[in-house]
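Here the structure is laid out as structure tokens; the discussion comes afterwards.
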Amino acid sequence: MTEHTVPASELYTESFAADPYPVWARLREQAPVCPVSSPRFDSYLITRFDDARDALTDPRLSKDLYGPGEHYLRIFGPNSAELNKNMLNSDPPEHTRLRHLVSQAFAPRRIEALRPRIAEVVDGLLDKIVPSGECDLMREFAIPLPMVVICELLGVPEIDHDRFIGWTQVIRTSGSIKRSPEEERAAVQQAQLQLHDYLADLVQRKRTEPGDDLISALIDACDQDGRLSERELVSTTFLLLFAGHQTTADFLGNAVLALLCHPGQLDLLRERPELLPNAVEELLRYDGPLPVASPRVATEDVEYDGMRIPRGSIVGVVLNAANHDPRRFDDPDRLDVRRTGPHLGFGYGVHHCLGVSLARMEALIGIGALIDRLPGLRLAVPVDELRRLPPASPFRGLLELPVRF
Ligand code: HEM
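Next comes the structure, spelled out in structure tokens:
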């Protein structure tokens, strides 16, 4: 690290959790490739749009953090590879093989077939919410919607959904409950272990009793090199569960909050619902749930914007900073549901989000129904009192979204 290294504690303050965009803007203008030191790992943050897009396709920046340097082994412990060594954390050709096999199971027709069921789940959740006139929209809508959808897609029996939500919430909210770092680590590791054992058992059950679900399709998926191994099946299922649930839940919360803070834009969507698909993209650009793409590691010395990133360094591509880069977007901090043009909210390059059509479908149906069925929707507390995920969380989201309607 250089003399200009920023300690993570200076970056990730409480005010950062409420509004990180001024910090991202400062880095983007003053230190577009910024070295940051933290107790977990030192890294270089890339914040400009063009650099970000280049970095996401740079073969010198590896996704295999179990490879040289073994960063993930050191941070998450020896057992973590069982769950985390999946397509997201691998490079071609291994990544190509895994993504190809998973894409067979994650076929567009399987996702399209979910459309009526998603609408049914959304209606069911709203039927429960509407009579009360108020609710916590995270707990009663944004979290259960993608959880039920991904559980049904994977083939997790309904009776297990609550246990599932419990384990994933321990992992999602880590850092936001006052616990010592040791207690925190132990709670997360235990939840991961339980989830691992549950998923391994579920894969076994699907082998003997296959159904019309994604896990059964993953077991069947085959190419010239064969099928997914047992470990790959469990780690892929874990990835789909987390990638599919956490991001979508946080996105729904961030999107609804952004609309409530911009009533003119909400009114516009009420008048012109055909703008909704565009609005979903703009809301993702405006306040995405994955501020920094999952880490990369430099396999050789690389240079971005005149800054040398030494071999072995971790690189974080800050999607939410790139998506507010004025070099790319006019008046980038303004929410404008009519805005068009590509953003990086779903990533870029070979790791571009595999679940993009599912995520869009859930957001479109979910936000559309909220606008339709909750006409007087408004915040129940001042915006600066909303409780959020901790500043250094890999996700950007709300712990609660109290609303009235
Ligand atoms: C990858 C965002 C929903 C499955 C990614 C990446 C991003 C992203 C930025 C690339 C990460 C990187 O390069 O480091 C989002 C957002 C979502 C969402 C914002 C919701 C609004 C989903 C859903 C699923 C899913 C619903 C599936 C059920 C995946 C998978 C990958 C991925 C499997 C890894 C792809 C690979 O490594 O080739 N997502 N995602 N995501 N996403 Fe999503």
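Residue numbers (the numbering used here): 1 to 405. Ideal Cβ positions, reconstructed from N, Cα and C, are used throughout, including at glycine.
Straight-line gap, residue i to residue j (C-alpha atoms, nearest Å)
i                 : j                 : result
aspartate 333     : cysteine 34       : 21 Å
alanine 217       : serine 62         : 29 Å
leucine 137       : leucine 257       : 10 Å
arginine 231      : cysteine 222      : 16 Å
alanine 249       : leucine 145       : 8 Å
phenylalanine 311 : threonine 299     : A quick correction: the sequence has arginine, not phenylalanine, at residue 311. Approximately 5 Å, taken between the alpha carbons.
histidine 161     : phenylalanine 251 : 21 Å
alanine 17        : arginine 388      : 7 Å
glutamate 383     : arginine 308      : Looking at the sequence itself, residue 383 is valine, so the reference to glutamate does not match. Whole-angstrom Cα-Cα distance: 40 Å.
leucine 154       : serine 229        : 17 Å
glutamate 94      : proline 210       : 27 Å
cysteine 449      : alanine 200       : As shown, the chain starts at 1 and ends at 405. That puts residue 449 outside it, with no answer to give.
arginine 26       : valine 156        : 45 Å
arginine 396      : arginine 139      : 16 Å
aspartate 212     : leucine 358       : 17 Å
valine 408        : leucine 239       : Residue 408 is absent from the structure shown; the chain starts at 1 and stops at 405.
alanine 321       : aspartate 127     : 38 Å
tyrosine 66       : asparagine 89     : 8 Å
arginine 296      : valine 302        : 12 Å
valine 122        : tyrosine 21       : 31 Å
valine 148        : serine 43         : 35 Å
proline 32        : aspartate 58      : 17 Å
isoleucine 150    : tyrosine 198      : 15 Å
Whole-Å CB distance - residue i paired with residue j, under 8 Å assumed
i                 : j                : result
isoleucine 219    : phenylalanine 41 : The Cβ separation is near 35 Å, so there is no contact.
methionine 361    : arginine 115     : 6 Å
leucine 214       : alanine 52       : Their Cβ separation, rounded to whole angstroms, is 31 Å, which puts leucine 214 and alanine 52 out of contact at 8 Å.
glycine 253       : alanine 142      : 5 Å
alanine 369       : arginine 404     : Going by Cβ atoms, the distance from alanine 369 to arginine 404 rounds to 18 Å, so no, they are not a contact pair.
glutamate 274     : histidine 196    : Contact flag wrong, Cβ pair sits at about 44 Å.
serine 37         : threonine 5      : 5 Å
phenylalanine 391 : tyrosine 12      : One detail in the question is off: residue 391 reads as proline in this sequence, not phenylalanine. Proline 391 to tyrosine 12, Cβ: 4 Å. Contact.
leucine 399       : threonine 173    : 7 Å
valine 170        : alanine 186      : Between alanine 186 and valine 170 the Cβ distance is about 11 Å, and since that is not below 8 Å, they are no contact.
Exposure label - residue i; buried when at least 16 CB within 10 Å
i              : result
threonine 168  : buried
isoleucine 159 : exposed
proline 326    : exposed
arginine 207   : exposed
serine 9       : exposed
glutamine 192  : buried
cysteine 135   : buried
glutamine 30   : exposed
serine 235     : buried
glycine 124    : exposed
serine 15      : exposed
lysine 85      : buried
threonine 247  : buried
proline 92     : exposed
glycine 244    : buried
glycine 345    : buried
glutamine 204  : exposed
alanine 107    : exposed
glutamine 224  : exposed
threonine 47   : buried
glycine 133    : exposed
Residue i - partner residues in DSSP beta bridges
i             : result
leucine 61    : Ala298
valine 317    : Ile46
glutamate 303 : Arg308
proline 146   : According to DSSP, proline 146 bridges with nothing at all.
proline 7     : Ser37
glutamate 134 : Arg404
aspartate 223 : Gly226
valine 292    : Val318
leucine 125   : According to DSSP, leucine 125 bridges with nothing at all.
arginine 378  : Arg404
leucine 398   : Arg388
Distance cut-off 7 Å: residue i Cβ against heavy atoms of the ligand MN
i           : result
glycine 355 : Among the ligands present in this structure, namely the ligand HEM, the ligand MN is not found.
Evaluate the contact criterion for the stretch 334 to 345 versus the stretch 276 to 287: three or more CB pairs, one atom per stretch, below 8 Å. Contact between the stretch 334 to 345 and the stretch 276 to 287 is present, because at least three Cβ pairs lie under 8 Å.
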